[in-house]
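In terms of numbering that gives the first Met the number 0, the sequence shown opens at residue 0 and continues consecutively.
To start, the structure under review is shown below, and the notes come after it.
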Amino acid sequence: MPVSRRDKKVELTQVLKHAPKKKEHIAKVRQYLDEYGRVYVVTLQNPRTQKVSEIRKSMVKIKLLFGVNKVTTLALGKTHEDSYRPKLHLLSKYLKGQCALLFSRSSPSELREQLDAFRSSEYSRPGVLAEQTVWIASGPLPKFPHSMEPVLRQLGMPVKLVKGVVHSEREYLVCRRGDVLSPEQCRILKLFQIEISEFRVGLLAVWTDGEGVEELTEKDSCMMRTSLHPEVLVVCKQLDDGLYYFIPQPYENKGESLVNEAMEED
Numbered sequence: 000m001p002v003s004r005r006d007k008k009v010e011l012t013q014v015l016k017h018a019p020k021k022k023e024h025i026a027k028v029r030q031y032l033d034e035y036g037r038v039y040v041v042t043l044q045n046p047r048t049q050k051v052s053e054i055r056k057s058m059v060k061i062k063l064l065f066g067v068n069k070v071t072t073l074a075l076g077k078t079h080e081d082s083y084r085p086k087l088h089l090l091s092k093y094l095k096g097q098c099a100l101l102f103s104r105s106s107p108s109e110l111r112e113q114l115d116a117f118r119s120s121e122y123s124r125p126g127v128l129a130e131q132t133v134w135i136a137s138g139p140l141p142k143f144p145h146s147m148e149p150v151l152r153q154l155g156m157p158v159k160l161v162k163g164v165v166h167s168e169r170e171y172l173v174c175r176r177g178d179v180l181s182p183e184q185c186r187i188l189k190l191f192q193i194e195i196s197e198f199r200v201g202l203l204a205v206w207t208d209g210e211g212v213e214e215l216t217e218k219d220s221c222m223m224r225t226s227l228h229p230e231v232l233v234v235c236k237q238l239d240d241g242l243y244y245f246i247p248q249p250y251e252n253k254g255e256s257l258v259n260e261a262m263e264e265d
């Protein structure tokens with residue numbers, strides 16, 4: 000049947016424009032600027048919604064504001080002429096990637112000490128950079144049931160069953176620090192209960208009323224504490240309670256010899 004020319008499409012839903020939200024965000028940024036007189040550009044490493052909520056609930060004297068970087072730039076100003084406050088537009092160049100504005104009256108060193116209290120280790124997700132080099136020690140892995148042997152082998156680990164107990168045939172390199180983690184690597188790390196991602200808040204730059212903008216990236220990275228050792232060897236040990244646990248131990252001066260040896264055996 001031919002379509003009638005009188006038929007018209009009527010939209011039953013209407014998409015609201017984002018202009019009100021844009022104006023609301025700009026107004027909120029400027030309100031906090033007037034109230035605090037100091038604003039930081041911060042970056043969240045391995046962000047988790049729960050940790051952000053904890054920061055907001057615990058640090059009641061700060062305001063943490065997320066938004067589209069382009070809209071935030073409009074609030075601060077792009078040039079000297081449209082800068083909301085003197086030299087505030089210089090802060091806009093730090094608004095790249097996943098970042099936020101943190102309004103606080105605290106100095107950089109005071110704020111760093113406060114934020115370090117919220118550091119926490121997390122299981123890594125595929126696609127993120129490994130923050131540790133992780134090795135699995137050779138020998139028995141009695142914490143795993145025998146049914147895990149084919150699962151670990153499918154993930155690429157050199158394992159075998161010896162009298163019903165899973166054994167690692169040699170030291171196995173799971174990941175190197177700085178590598179982009181694959182789903183298989185993340186699965187192995189989780190099976191061995193190794194959390195190599197750490198939630199941290201980094202300070203990129205700060206604007207202070209009457210002083211201008213100061214870059215903090217290098218200075219803050221030196222002050223930032225971390226509980227992650229650069230390189231660890233994971234061993235399976237039986238503790239006093241009679242149970243087996245996977246324990247990561249610092250591994251110093253690990254050479255390339257084991258990697259080359261493993262490649263030759265493969």
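C-beta atoms are modelled at their ideal positions from N, C-alpha and C, and glycine is treated no differently.
Check: For L101 and L63, believed in contact at Cβ under 8 Å, the rounded distance; Outcome: 5 Å
Check: Three-state class that DSSP yields for P249 in the structure shown; Outcome: strand
Check: DSSP three-state assignment for I61, whether helix, strand or coil; Outcome: coil
Check: Status (buried if at least 16 other CB within 10 Å, exposed otherwise) for T132; Outcome: buried
Check: Selected residue, minimal CA-CA separation from I195, among W134, Q44, E121, P125; Outcome: E121
Check: Close-in-space but distant-in-sequence residues of the same chain around A136 (CB under 8 Å, 5 per side omitted); Outcome: S167, E170, L232, V233, V234, C235
Check: Alpha-carbon spacing of L87 relative to E23, whole angstroms; Outcome: 19 Å
Check: Segment contact, 8 Å Cβ cut-off, at least three pairs: the stretch 184–191 with the stretch 122–130; Outcome: yes
Check: Residue environment, G177, which counts as buried when at least 16 other CB atoms sit within 10 Å; Outcome: exposed
Check: Host beta strand (DSSP E) of K159 (start-end); Outcome: 158–161
Check: Cβ shell of E183 (< 8 Å), same chain only, five flanking positions each side left out; Outcome: L154, G155
Check: Assigned secondary structure, M262 (DSSP; H/G/I helix, E/B strand, else coil); Outcome: Only weak support is given to the placement of M262: the predicted model assigns it a pLDDT of 47, under 50, and the value that follows is read from those uncertain coordinates. M262 falls in the helix class under three-state DSSP.
Check: Status (buried if at least 16 other CB within 10 Å, exposed otherwise) for V161; Outcome: exposed
Check: Bridge partner(s) assigned by DSSP for T132; Outcome: E230
Check: Minimum length 3: unbroken beta strand (DSSP E) runs contained in the stretch 160–208; Outcome: 164–167, 171–174, 196–207
Check: Three-state secondary structure assigned by DSSP to Q30; Outcome: helix
Check: For Q44, the residue or residues it bridges with in DSSP; Outcome: R199
Check: Other residues of its chain near R175: CB distance less than 7 Å, five sequence neighbours each side excluded; Outcome: A129, T132
Check: Residue from V41, P141, Y35 with nearest C-alpha to R199; Outcome: V41
Check: Cβ neighbour criterion (16 or more within 10 Å) applied to S103; Outcome: buried
Check: Top-ranked residue by Cα proximity to E214, from P139, P107, L172, G138; Outcome: P107
Check: Host alpha helix (DSSP H) of L87 (start-end); Outcome: Run containing L87: none; DSSP gives neither H nor E here.
Check: Cβ-based neighbour list, P229, same chain, cut-off 7 Å, excluding 5 preceding and 5 following; Outcome: Q131, T132, R176
Check: Span of the beta strand (DSSP E) around A99; Outcome: 98–102
Check: Enclosing beta strand (DSSP E) for E121 [first to last residue]; Outcome: 119–121
Check: Beta bridge counterpart(s) of K236 as assigned by DSSP; Outcome: Y244
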